[in-house]
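This report refers to the structure that appears directly beneath it.
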Amino acid sequence: MTLDDNTIQKLAAHLEEAETQARDVTKITDDYPDLDSEDAYAIQAAIRDIKAARGTRVAGLKAGLTSRAKMKQMGVDTPIFGLMFDYMSVPNGGEIKTSELIHPKVESEIAFVLKKPLKGPGCHVGTVLAATDFVLPAVEVIDSRYRNFRFDLNSVIADNTSSSRFVVGDVAQNVEGLDLRTLGIVMEKNGEIVAMAAGAAVLGHPAEALAQMANHYGARGEEVPAGAYIMSGGATAAVAVEAGDAINVRFQALGNIAFRFV
Ligand code: OOG
Ligand code: MG
């Protein structure tokens, strides 16, 4: 840690306000170049507490920057972990108001719900699959609060990993009999294919993202709880969207997710 609690609270309020007012800001490491990842996760937790005081609840957990496509696109090569809040959930078939967002992008993900908690360290793909209740298709809408969507690792962690909206599909499947590495994903914008991936794009196996998440929380004495909704990270690069765009994502064995931006 390099920041005192006052500064952590101040930066959390600054980033939370940028999110709720849909206003971009300069990245916080411009002013605090020594800010480390512990500071960044402390700012993210302080954002959670600001929202909790208003009655907003955590609706899920996410891993990000878990595919080479995403790492390359954002120029950051370490997975990160963030939070999804209740108001970020959009129903499949629904609409997203771009007036509430800064510069949204969409990315396709495989989501997990656990039947047993995951306690790191030492979690691996096998531990995660044994603890998985079912998997679901998901599309995340990310919206960095930083100008031009440009950031470094610690800035984006502090900004709650660009979390903004998410859409969950209707088809839940057991992992037995499903090879998540070869599971195909085809993402269309306005009827044209804009990205494709297989599950293995995420760290070789999407369950690896949850293993790393559990080890991350485990190092802090926390566990990933049973029942939590968890996103494993964009399998493809993220695609910019604007009002009028229609998104349709086809997931092998997991159905479709469709929604539009207005
Ligand atoms: C950071 C969030 C990354 C993912 O799935 O890779 C993320 C960003 O790219 O803005 O959610
Ligand atoms: Mg994501």
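In the working numbering, the protein residues as written are 531 to 792. Glycine included, every Cβ here is placed at the ideal spot set by N, Cα and C. The model shown is predicted, which means the values in this text are computed figures rather than measured ones.
Item	Value
With distances taken between CB atoms, is the gap from Ile-632 to Asp-561 smaller than 8 Å?	no
Does the distance between the C-beta of Met-761 and the nearest non-hydrogen atom of ligand 2 fall short of 7 Å?	yes
Would you list the residues sitting across from Gln-703 in a DSSP beta bridge?	Val-665
Does the Cβ of Thr-691 lie closer than 7 Å to at least one heavy atom of ligand 1?	yes
Less than 7 Å separating the Cβ of Ile-632 from some heavy atom of ligand 2?	no
Whose C-alpha, out of Ala-744, Gly-748, Ala-765, is nearest the C-alpha of Arg-711?	Ala-765
Given a cut-off of 8 Å on the beta-carbon distance, is the pair Asp-564 and Met-531 in contact?	no
Between which two residues does the alpha helix (DSSP H) carrying Glu-718 extend?	Run containing Glu-718: none in the alpha helix (DSSP H); it sits in the beta strand (DSSP E), 714-719.
Is Glu-639 near ligand 4, going by C-beta to nearest heavy atom under 7 Å?	As far as ligands go, the structure on display features ligand 1 and ligand 2 and does not contain ligand 4.
Between Thr-559 and the rest of its own chain, which residues show a CB-CB distance below 7 Å, the 5 nearest in sequence each way excluded?	Leu-565, Asp-682, Asn-684, Ser-685
Under 7 Å: does the beta carbon of Glu-549 sit that close to some heavy atom of ligand 2?	no
Please list the terminal residues of the continuous beta strand (DSSP E) segment that includes Asn-622.	Element bounds for Asn-622: n/a, residue is neither H nor E.
Among the candidates Asn-786, Asp-775, Lys-719, Phe-781, whose CA atom is the shortest distance from the CA of Thr-628?	Asp-775
Using three-state DSSP, classify Ser-762 as helix, strand or coil.	coil
How big is the Cα-Cα spacing for Ala-552 and Arg-677?	11 Å
Is it a yes or a no for the stretch 647-662 touching the stretch 777-786, going by three-plus beta-carbon pairs under 8 Å?	no
What are the start and end residues of the alpha helix (DSSP H) that includes Met-604?	598-604
Counting C-beta neighbours from all protein chains within 10 Å, is the total for Tyr-617 16 or more, i.e. buried, or is it exposed?	exposed
Please list the terminal residues of the continuous alpha helix (DSSP H) segment that includes Ile-558.	No alpha helix (DSSP H) contains Ile-558, which DSSP labels as neither H nor E.
What are the boundary residues of the alpha helix (DSSP H) that Met-743 is part of?	736-748
Taking the runs of the alpha helix (DSSP H) that are 4 residues or longer, which of them lie wholly in the stretch 671-703?	683-688
Mark Asp-673 as exposed unless 16 or more other C-beta atoms lie within 10 angstroms of its C-beta, in which case mark it buried.	buried
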